[in-house]
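Throughout, our numbering is defined as the position within the sequence shown, counted from one, plus 92.
Beta carbons: idealized from backbone N, C-alpha and C, even for Gly.
Accompanying notes for the structure given below.
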Amino acid sequence: MVQSTKELGISSKQKKASLFKKVIYGLCPNCASTSIFKYYIKLLIKCPKCGYEINTHKIGDGAAWFSMLLTSILVAIGALVLEVNFQPKLWVHVITWFPIIIVLSVAILRPFKALLICISTEKNN
Ligand SMILES: [Zn+2]
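Right, dumping it as structure tokens:
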């Protein structure tokens with residue numbers, strides 16, 4: 093059962109934390125006082141502060157989809173700019189873009205996961 097924010101001593105300032113702050117820091121969409129992630133992308137079942145059930149949101153592979161979409165758009169633009177300006181050999185593209193694809197897609201996966209949970213929370217309230 094979710095306790096009220098007054099019972100938990102959660103200020104209205106924390107409750108009304110901006111969506112940007114919740115997404116960047118991976119904060120609880122209900123109380124915004126603690127992280128909803130156990131590991132880098134592994135979600136907690138409940139918020140340890142307010143008891144809000146995080147795992148009930150059905151976000152599926154949405155975060156991975158948005159992460160791959162944004163990464164592919166940025167890499168395609170970058171590869172096009174590199175090709176048009178410098179005409180490098182193919183191996184230069186491979187060693188340039190492969191690590192960027194891996195790092196960027198993993199780096200933006202967590203914020204997208206937090207964003208989808210915040211959107212789902214707002215939609216259900
Ligand atoms: Zn919470």
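Can you determine whether any heavy atom of ligand 1 sits closer than 7 Å to the C-beta of Ser127, and answer yes or no? Every heavy atom of ligand 1 is 7 Å or more from the Cβ of Ser127, so no.
Contact test: Asn122 Cβ vs ligand 1 heavy atom, cutoff 7 Å: Under cutoff, so the answer is yes.
Per DSSP, what kind of secondary structure is Leu136 in: helix, strand or coil? Assignment of Leu136 by DSSP, reduced to helix, strand and coil, places it in the coil class.
Per-residue burial, Asn147 [other beta carbons within 10 Å of its own, 16 or more giving buried]: Asn147 should be labelled exposed.
Identity of the residue in Ile169, Cys142, Leu207 nearest Trp189 by Cα: Nearest of Ile169, Cys142, Leu207 to Trp189, Cα basis: Ile169.
Measure the CB-CB distance between Thr213 and Pro121 and report whether it falls below 8 Å. With contacts defined as CB atoms closer than 8 Å, Thr213 and Pro121 qualify as a contacting pair.
Bridge partners of Ser127, per DSSP? In DSSP, Ser127 forms a bridge with Leu119.
C-alpha gap between Leu201 and His149, whole angstroms: Rounded to the nearest angstrom, the two C-alpha atoms are 16 Å apart.
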